[in-house]
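In the working numbering, the protein residues as written are 244 to 681.
Written out below as structure tokens is the structure these notes cover.
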């Protein structure tokens with residue numbers, strides 16, 4: 244059993260600085276409007292300022308580029324133009340693969356993603372131009388330079404005999420994850436930013452207006468930092484994808500929680516919401532209305548705090564470093580706990596009006612959705628338990644976390660952490676794991 248909580252991949256003060264930089268950039272956009280009504284440019288400015296603040300302190304003070312997990316050794320110098328060109332071909336092949344998926348699938352041909360495509364037209368030319376020197380400088384310092392981009396490049400240039408299928412598969416999974424989630428999150432960010440810029444603060448004179456504003460603003464912070472995480476996947480800053488979720492179950496329970504899948508699942512199978520929500524229930528009792536609404540905001544704030552704690556590392560279905568700071572000192576899954584509790588407080592399915600069995604039915608539907616998030620949590624634990632740092636963290640949390648009591652409860656003991664060590668699976672030490680997965 245671990246006696247101390249492992250150090251977080253993103254330290255708490257770095258994450259707080261990132262949030263401060265985000266709010267500073269947002270204030271500039273709101274007050275000065277340097278890009279006018281161009282929401283895409285404004286969103287990119289906010290992401291750039293936030294990422295710059297995080298990366299500067301991470302590189303200068305915490306020196307993330309010297310971590311073994313980067314795979315970079317400053318004392319090693321083996322430059323290779325050939326390897327660099329192969330990796331560049333791998334980058335172009337990866338972009339081409341995602342572009343083909345966007346061209347092929349009807350989901351990505353609608354107007355919903357227009358702002359995302361506008362962002363790509365701005366970002367991609369600079370990204371491609373900087374890729375060659377970046378690959379050259381990083382590759383020459385790598386002890387194991389044949390990474391996912393190298394294997395993807397070998398696929399592109401038809402040298403298939405040299406390909407490691409496991410490495411290539413993980414590389415493609417990482418790009419599929421970015422290709423699926425980034426369009427959603429950046430589009431949500433732009434939509435929320437436009438809504439934020441249109442807010443008339445003179446109307447914020449009642450708790451209801453403040454609740455709506457803070458509720459929307461918190462989720463705006465969330466999708467903005469998530470968008471930054473998907474855009475800023477760099478080995479030099481140790482924010483690269485170390486591994487992607489390897490199981491179909493993990494992918495299934497994650498993807499069904501997002502559009503376009505959720506619109507079908509949520510409407511046809513798990514439609515737990517009713518037309519009678521918490522505001523209708525407590526509108527005539529202002530004191531309880533304020534207390535209940537304040538509780539919802541606290542839960543949403545904890546959910547967003549869990550995203551803030553990642554810094555520039557957030558990404559679904561991936562391992563980009565173990566986070567142990569912020570609300571992750573209380574529980575392994577603070578975002579899921581807070582989000583699911585907030586749904587109960589917002590939708591109040593137990594107060595559904597109508598037939599006597601209606602409330603029970605809607606409660607069971609929301610419990611089913613909660614069950615999906617339990618599966619998400621468990622598949623994430625199975626994935627991350629390949630890293631001994633996570634095993635150490637989860638073991639520490641079993642003894643010190645706020646939900647450590649559940650392992651003693653008959654019906655909830657299945658939620659307790661069971662890492663590889665408990666199952667008799669050999670777990671390498673942290674340094675060995677970092678070298679193997681860099």
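A virtual CB, placed ideally from N, CA and C, is assigned to each residue, including glycine.
Helix, strand or coil: how does DSSP classify residue i here?
i           : result
residue 508 : helix
residue 640 : helix
residue 487 : strand
residue 562 : strand
residue 670 : Note on residue 670: pLDDT 43, under 50, position unreliable in the model; the coordinate value appears next. If DSSP states are grouped into helix, strand and coil, residue 670 belongs with coil.
residue 683 : Lying before the first or after the last residue shown, residue 683 is absent from the chain, which here runs from 244 to 681.
residue 385 : strand
Residue i: which of the options sits nearest, CA to CA?
i           : options               : result
residue 252 : 551, 606, 651 and 641 : 551
residue 540 : 574, 514 and 581      : 581
residue 314 : 386, 250 and 295      : 386
residue 410 : 401, 423, 421 and 396 : 396
residue 466 : 256, 553 and 602      : 553
residue 408 : 390, 424 and 425      : 390
residue 583 : 574, 575, 616 and 293 : 616
residue 303 : 480, 458, 316 and 372 : 480
residue 258 : 568, 478, 438 and 430 : 568
residue 578 : 476, 519 and 461      : 461
residue 549 : 351, 459 and 468      : 468
residue 288 : 268, 301 and 299      : 268
residue 627 : 589, 562, 278 and 477 : 562
residue 285 : 260, 262 and 439      : 439
From residue i to residue j, what distance separates their C-alpha atoms?
i           : j           : result
residue 543 : residue 530 : 20 Å
residue 450 : residue 436 : 22 Å
residue 353 : residue 346 : 11 Å
residue 214 : residue 490 : This structure leaves residue 214 out entirely; the chain is present only between 244 and 681.
residue 363 : residue 341 : 12 Å
residue 570 : residue 250 : 14 Å
residue 669 : residue 273 : A caution first: residue 669 carries a pLDDT of 43, below 50, which makes its placement in the model too unreliable to give a value.
residue 534 : residue 524 : 13 Å
residue 394 : residue 381 : 16 Å
residue 322 : residue 309 : 19 Å
residue 290 : residue 361 : 15 Å
residue 398 : residue 339 : 13 Å
residue 264 : residue 300 : 12 Å
residue 609 : residue 520 : 14 Å
Taking all protein chains shown into account, decide if residue i is buried (16 or more other Cβ within 10 angstroms of its Cβ) or exposed.
i           : result
residue 276 : exposed
residue 667 : In this prediction, residue 667 scores a pLDDT of 39, lower than 50, which makes its location untrustworthy; the coordinate-derived value is nonetheless stated afterwards. Residue 667 comes out exposed.
residue 537 : exposed
residue 559 : buried
residue 619 : buried
residue 324 : exposed
residue 473 : buried
residue 645 : exposed
residue 297 : buried
residue 403 : exposed
residue 657 : exposed
With distances taken between CB atoms, is the gap from residue i to residue j smaller than 9 Å?
i           : j           : result
residue 388 : residue 326 : yes
residue 415 : residue 378 : no
residue 517 : residue 595 : yes
residue 515 : residue 599 : no
residue 564 : residue 556 : yes
residue 624 : residue 488 : no
residue 319 : residue 426 : no
residue 344 : residue 422 : yes
residue 430 : residue 359 : yes
residue 367 : residue 331 : no
Say the cut is 8 Å; is the CB of residue i nearer than that to a heavy atom of the ligand PLP?
i           : result
residue 576 : Judged by which ligands are present, the structure shown has none, so any question about the ligand PLP falls away.
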